[in-house]
Amino acid sequence: MKNGKAPTREQKKIMRAHGLVPENWLVVKNLPDSLEVVSRVSLKKVGGKPRTRAISKSL
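Here UniProt numbering is used: the first residue of the sequence shown is 1, the next is one more, and so on.
Shown next, in the form of structure tokens:
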């Protein structure tokens with residue numbers, strides 16, 4: 001998995017619209033129709049796989 005990046009202002013708006021707290025998530029993929037994010041907390045856990053979520057940009 002590539003390193004996640006901090007979300008931009010527009011990405012934060014999309015995350016809030018889907019009920020996520022932007023400070024707790026990093027952006028892994030920014031596709032034209034969706035956004036793939038990974039939880040900051042799950043990256044710090046030892047073992048297991050990180051929690052990722054795909055978010056649709058259109059509401």
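Using N, Cα and C, we set each Cβ at its ideal position, and we do this for glycine too.
If you check the CB distance, K5 and V27 come in under 9 Å.
Around the beta carbon of L35, a 10 Å sphere encloses 16 or more other beta carbons of the protein chains shown; the residue is thus reported as buried. In the three-state DSSP reduction, R16 falls in the helix class (H, G or I).
Close CB contacts of V41 within its chain, under the 7 Å cut and outside five residues either way in sequence, are with N24 (chain order). Nearest in C-alpha terms to N3, of all of H18, S58, N30, is N30.
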